[in-house]
Amino acid sequence: MAATGGTYPYAFQWNTGLTIDTIIVSPDTTTTYSVIVTDAHGCQTELMHCTVNVNPLISGDLFITKDSVCPGEPLLVDILNLSGGNGNYSFIIDSQQVNLPYPYIPSASGSLVITVNDGCNTPSLVLDTFIYVYPAPTVSFMADNLAGCPPVKVQFHINDFVQGTIYTWNFGDLSALLPSYSQDVLHNYNTPGIYDVSVSVHTENGCNAETTIPNLITVYEVPDARFITDPSVIESFRPEIHFINLSSGAVSYLWDFGDDDSSSIESPIHQYDNYMVEGYTVILTVENQYGCSDTAQKFLDVIDFFTFWAPTAFSPNGDYHNDIFLCKGINIDNETFNLQVYDRWGEVIFESSDINLGWNGYINNRRAPAGTYAWVATFRDKKGIEHSRSGVVTLIR
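Under our numbering, the first residue of the sequence shown is numbered 20, with each subsequent residue one higher.
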């Protein structure tokens, strides 16, 4: 301190016992210092006081949201009940000044140390706690079938399986995510395409990991089998069918005509010989370069036309022209054929069980007189349907 007035030299008396004009102090607590100054003639000043205020030490309680975390997971760091110092606090974590609350991401298990300063000479507050970082989970997988024709059945296998861990599968085909506790899962791919597959793991500690394999599963396109026929039905008088192949995406073809015959021609022509059935089921199987196949089928009706004709007159005169009363027809079952010719009194004068055997105009080896004769023919067609026809025929001499 400096003194003026009185007579020099001055004497200083501090309550600390020091007798110099200026003293240097470093109190730990707020302290009052007193001094009296005396001059050369013994004149004294009043007792003078000087109080040095000392801030209390910085104190507080370290708060963290959790002391165990997954790799890369942040925890919140804060200090509660912070007091002391001059209130102008700064916070240091890992040599970096931060603001509280602070989201701290530990790189490994170890101590979290936070230092609090107030910009003054107040001793720093150092707080620490141990943080445990769980081991990073890993997940890898494989598939037993990587490509095929739909449906593609694939079994996926977890290589580093951990019992009690939840594995969630994303098969990449818009199907629902599948949580599973199993090491193996089965999935069917029904739609052509190329699919990424991923699986995520959720451990009992709440840690997560995910692995994705892009373009893992390939489901090939399926060819489209189609055909039409010309004509659209099988007709006995036109039994040849043209098969017109309208398939797409195919490289090979196999036709089953339904009559124990087949063909690998793209658009074949086939002739049916049996008209005793109602029809034939034709199946076309097509295949592409990946072995994927498709089938199309069509039932071809058999339209078995039959015709019957009998002359209205004949002249059995031996000129080899119209000498026989002979019925004709198509698709008539000859084994069921019967023809009877009657005279004017209703007597049967001729009968035949063969459509190819007609009446020659004789009755009991005698020439029948000219005139009109009635006839009746009964038979079945080749589908077994019964028919009856009748009429009159004129015998001309």
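In this text, a Cβ means the ideal position worked out from N, Cα and C, and glycines have one as well.
Check your understanding: Can you pull the DSSP bridge partners for residue 347?
Key -> Looking at the DSSP output, residue 347 sits in a beta bridge with 328.
**Study point:** Segment contact, 8 angstroms Cβ cut-off, at least three pairs: the region 162-172 with the region 231-242
**Key:** With the rule of 3 Cβ pairs closer than 8 angstroms, the region 162-172 counts as touching the region 231-242.
Practice item. Could I get the ranges of all uninterrupted beta strand (DSSP E) runs contained in the region 104-172, with 3 residues as the minimum, in chain order? Key: DSSP runs (the beta strand (DSSP E)) wholly in the region 104-172: 109-112, 115-117, 121-123, 129-136, 144-152, 160-162.
Check your understanding: Short check: CB of residue 398 to CB of residue 355, under 8 angstroms?
Key -> Taking 8 angstroms as the Cβ cut-off, residue 398 and residue 355 qualify as a contacting pair.
Point to revise | Within the region 210-242, ranges of the beta strand (DSSP E) (whole runs, at least 3 residues) | key: With a minimum length of 3 residues, the continuous beta strand (DSSP E) runs that stay inside the region 210-242 are 212-221, 227-238.
Check your understanding: Where does the unbroken beta strand (DSSP E) through residue 95 begin, and where does it stop?
Key -> Counting along the chain, the beta strand (DSSP E) containing residue 95 begins and ends at 94-102.
Practice item. Have a look at residue 274 and residue 302 and give me their C-alpha separation to the nearest angstrom. Key: Their Cα atoms are separated by approximately 6 angstroms.
Check your understanding: Starting from residue 33 and walking both ways along the beta strand (DSSP E), at which residues does that stretch end?
Key -> Its beta strand (DSSP E) spans residues 30-33.
Review point. Residue 67 by DSSP, collapsed to three states: which one?
Key: If DSSP states are grouped into helix, strand and coil, residue 67 belongs with the strands.
Review point. Per DSSP, residue 244 is paired with what?
Key: DSSP output for residue 244 lists no bridge partner at all.
Exercise for review: At 3 residues or longer, and completely inside the region 367-411: list those beta strand (DSSP E) runs for me, N to C.
Suggested key: Taken in chain order, the unbroken stretches of beta strand (DSSP E) that lie wholly in the region 367-411 and span 3 residues or more are 367-371, 390-400.
Practice item. Find the nearest neighbour of residue 246 within the set 317, 48, 74, judged by alpha-carbon distance. Key: The shortest CA-to-CA distance from residue 246 to any of 317, 48, 74 is the one to 317.
Exercise for review: Go ahead and label residue 28 buried or exposed: buried means 16 or more other beta carbons lie within 10 angstroms of its beta carbon, across all protein chains shown.
Suggested key: By the 10 Å Cβ count, residue 28 comes out exposed.
Review point. Got a sec, what are the start and stop residues for the beta strand (DSSP E) residue 318 sits in?
Key: Boundaries of the beta strand (DSSP E) harbouring residue 318: 312-322, taken from the DSSP string.
Practice item. Tell me whether the beta-carbon of residue 122 lies closer than 8 angstroms to the beta-carbon of residue 150. Key: Result no, Cβ atoms of residue 122 and residue 150 do not sit closer than 8 angstroms.
Review point. In or out: residue 411 buried (at least 16 other Cβ within 10 Å) or exposed?
Key: Answer is exposed; the Cβ neighbour count stays below 16.
Exercise for review: Can you say whether residue 186 is buried or exposed, counting buried as having 16 or more other CB atoms within 10 angstroms of its CB?
Suggested key: Answer is buried; the Cβ neighbour count reaches 16.
Check your understanding: Between the beta-carbon of residue 162 and the beta-carbon of residue 175, is there less than 8 angstroms?
Key -> With respect to the 8 angstroms criterion, residue 162 and residue 175 are classified as neighbours on the basis of their beta carbons.
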